[in-house]
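Novice:
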């Protein structure tokens, strides 16, 4: 099997869609020798911010000399983004033998004939991290928590960044029920860190009590604040000053606080000093999240794909309004997202809105998008594809303007590929 064949096989598994449950994962991992138990892990869930939080933790681990596997989804451009070792993407040539082992182990069990795409990829990640002998792994939840394919690890610390109204159909229909599902990653005696508030926090508190998981709540047990010399983290066991975070956006303060609370929980296992914390925060990279390229005009990519994330992006754009002349918004969303609420957050800030779509089969057509959001933008146009939309945005933009491409991680990833082809990315 070649890397191309392996990627094609995995892509075709998408036909099985979402099928939450752990029976298939336990079965395949047992056949593979339970690779997920070969290393300590940190488990991170949440509606938004779990990727940034996980990236900060992984970066700090690396700076502390901890060989770290980082599992995340979805990738922006390359499959190997899903599983990284100390920031390095998994090489394409590593995929075929790992996939072949997973497939060979599944042949004798009928239940494994319909493993979902995410289950197969998760099994590959656990196996890969064992093969390359990581010291620790940072594992990002795919969907929810309780029945997510990643919820088979024995973590040394867990986190739920926040609770918002996404994937409600799969996770129970209310914020409390979403909180219950995400809090399913809680384990007896394992610290659980959260930045959640309201009904989601109540669900997490109840679950932590039921399972015997020590709970640390942002704003009560820990927090972070911005000062003249960067962030200061106020932790359970002391403060860390002079933290300069490489990730843009005021909303990253919450993610930083949760990440550093996780690091505090991991210090009993690993030697992580304050200098490693500062170095990891300074060097962390998380593409596609308020990522800016070029000059005259600048282009920002952001994967905001729900109202909560769109609000965070909008707040950041308001703060930076004095740094630009006009804002041109290139917007495309998936058909299962709250398009109207996303537009309500972002369109009032824009001088021009270009409705478009990514290559995803789940994309809402730009015509449907515009009709759905009629009257919400000061001035809008429709373009069939992202490359055409980016060209139109550049034609409209002056050297002091800002072009923002957002609406989904698929949009951000596809835009990165276009910019790469034009030499704006290495």
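In our numbering, the protein residues as written are 23 to 448.
For every residue, glycine included, the Cβ atom is placed at its ideal position computed from N, Cα and C.
Check whether the Cβ atoms of residue 353 and residue 368 lie closer than 8 angstroms to each other.
Specialist: yes
Novice: Counting only runs of 4+ residues fully inside the stretch 99 to 179, write out the alpha helix (DSSP H) ranges in chain order.
Specialist: Listed in chain order, they are 117 to 128, 139 to 153.
Novice: In the stretch 391 to 421, which residue ranges form an unbroken beta strand (DSSP E) of at least 3 residues, counting only runs that do not cross its ends?
Specialist: Runs of the beta strand (DSSP E) inside the stretch 391 to 421: 402 to 404.
Novice: Which ranges does the alpha helix (DSSP H) cover as unbroken runs of at least 4 residues, wholly within the stretch 192 to 221, from first to last along the chain?
Specialist: 197 to 204
Novice: Can you pull the DSSP bridge partners for residue 320?
Specialist: 424
Novice: Following the continuous beta strand (DSSP E) through residue 80, name the residue where it begins and the one where it ends.
Specialist: Where residue 80 is concerned, there is no enclosing beta strand (DSSP E), although the alpha helix (DSSP H) it sits in stretches over 72 to 85.
Novice: Give me the Cα-Cα distance between residue 163 and residue 274, rounded to the nearest whole angstrom.
Specialist: 19 angstroms
Novice: Below 8 angstroms, how does it come out for the stretch 88 to 108 and the stretch 143 to 159: are there three or more Cβ pairs, yes or no?
Specialist: The stretch 88 to 108 vs the stretch 143 to 159: in contact.
Novice: What does the alpha-carbon distance come out to for the pair residue 50 and residue 111?
Specialist: Distance between the alpha carbons of residue 50 and residue 111 is about 24 angstroms.
Novice: If you follow the beta strand (DSSP E) that residue 350 is part of, which residue opens it and which one closes it?
Specialist: 349 to 353
Novice: Please state whether DSSP places residue 376 in a helix, a strand or coil.
Specialist: Three-state DSSP puts residue 376 in a strand.
Novice: Using a 10 Å radius around the Cβ and a threshold of 16 neighbouring Cβ atoms, would you call residue 231 buried or exposed?
Specialist: exposed
Novice: For residue 165, tell me which candidate among 140, 292, 179 has the shortest Cα-Cα distance.
Specialist: Among 140, 292, 179, the Cα nearest to that of residue 165 belongs to 140.
Novice: Would you say the stretch 235 to 245 touches the stretch 280 to 291, given that touching needs at least three Cβ pairs under 8 angstroms?
Specialist: yes
Novice: For residue 76, I'd like the list of residues in its chain whose CB is within less than 7 angstroms of its CB, leaving aside the five on either flank, ordered along the chain.
Specialist: 66, 92, 94, 160, 162
Novice: When DSSP labels each residue in this structure, what does residue 330 get in the three-state scheme?
Specialist: Helix.
Novice: Compute the beta-carbon to beta-carbon distance between residue 259 and residue 233, rounded to the nearest angstrom, for a pair I have assumed lies under 8 angstroms.
Specialist: In fact, because the Cβ distance is near 23 angstroms, the residues do not count as touching under 8 angstroms.
Novice: Give the straight-line distance between the Cα atoms of residue 276 and residue 366, rounded to the nearest whole angstrom.
Specialist: 23 angstroms
Novice: Taking the alpha-carbon of residue 249 as reference, which of 272, 127, 26, 409 has the nearest alpha-carbon?
Specialist: 272
Novice: If I measure Cβ to Cβ from residue 46 and keep anything under 7 angstroms in the same chain, skipping five residues before and after, which residues do I get?
Specialist: 133, 134, 137, 141
Novice: Looking only at its own chain, which residues have a Cβ that is under 6 angstroms from the Cβ of residue 251, when we skip the five neighbours before and after it?
Specialist: Setting aside the 5 residues that flank it on each side, residue 251 is surrounded in the same chain by 264, each with a C-beta closer than 6 angstroms to its C-beta; the list follows chain order.
Novice: Mapping DSSP to helix, strand and coil, what is residue 248?
Specialist: Residue state, collapsed to three classes: strand.
Novice: Can you give me the start and stop residues for the beta strand (DSSP E) that residue 63 sits inside?
Specialist: Its beta strand (DSSP E) spans residues 63 to 67.
Novice: Using 10 angstroms around the beta-carbon of residue 26, count the other beta-carbons present and answer buried if the total reaches 16, otherwise exposed.
Specialist: Classification for residue 26: exposed.
Novice: Does the separation of the CB atoms of residue 253 and residue 214 fall below 8 angstroms?
Specialist: no
Novice: Thinking C-alpha only, which one of 418, 307, 57 is nearest residue 152?
Specialist: 57
Novice: What is the C-beta distance between residue 388 and residue 364, in whole angstroms, given that I count them as a contact (C-beta under 8 angstroms)?
Specialist: 14 angstroms between Cβ atoms; not a contact.
Novice: Taking the straight line between their C-alpha atoms, what separation do you get for residue 118 and residue 437?
Specialist: 28 angstroms
Novice: Between which residues of its own chain and residue 287 is the CB-CB distance below 6 angstroms, once the five residues before and five after are set aside?
Specialist: 179, 213
Novice: So residue 185 and residue 222 are supposed to be a Cβ contact under 8 angstroms. How far apart are they, rounded?
Specialist: 3 angstroms
Novice: Give me, in chain order, the residues of the same chain whose beta-carbon lies closer than 8 angstroms to that of residue 211; leave out the 5 immediate sequence neighbours on both sides.
Specialist: 234, 235, 236.
Novice: Check residue 313 in the structure and name its three-state DSSP category.
Specialist: Residue 313: strand per DSSP, three-state reduction.
Novice: Check residue 185 in the structure and name its three-state DSSP category.
Specialist: It is coil, neither helix nor strand.
Novice: Could you round the C-beta distance between residue 409 and residue 371 to whole angstroms and report it? I think they count as a contact, below 8 angstroms.
Specialist: Residue 409 to residue 371, Cβ: 24 angstroms. No contact.
Novice: Could you tell me the boundaries of the beta strand (DSSP E) in which residue 345 lies?
Specialist: Per DSSP, residue 345 lies in no beta strand (DSSP E) segment and is marked neither H nor E.
Novice: Note down, in chain order, each residue of its chain lying with its Cβ closer than 6 angstroms to the Cβ of residue 348, except the 5 sequence neighbours on either side.
Specialist: 373, 423
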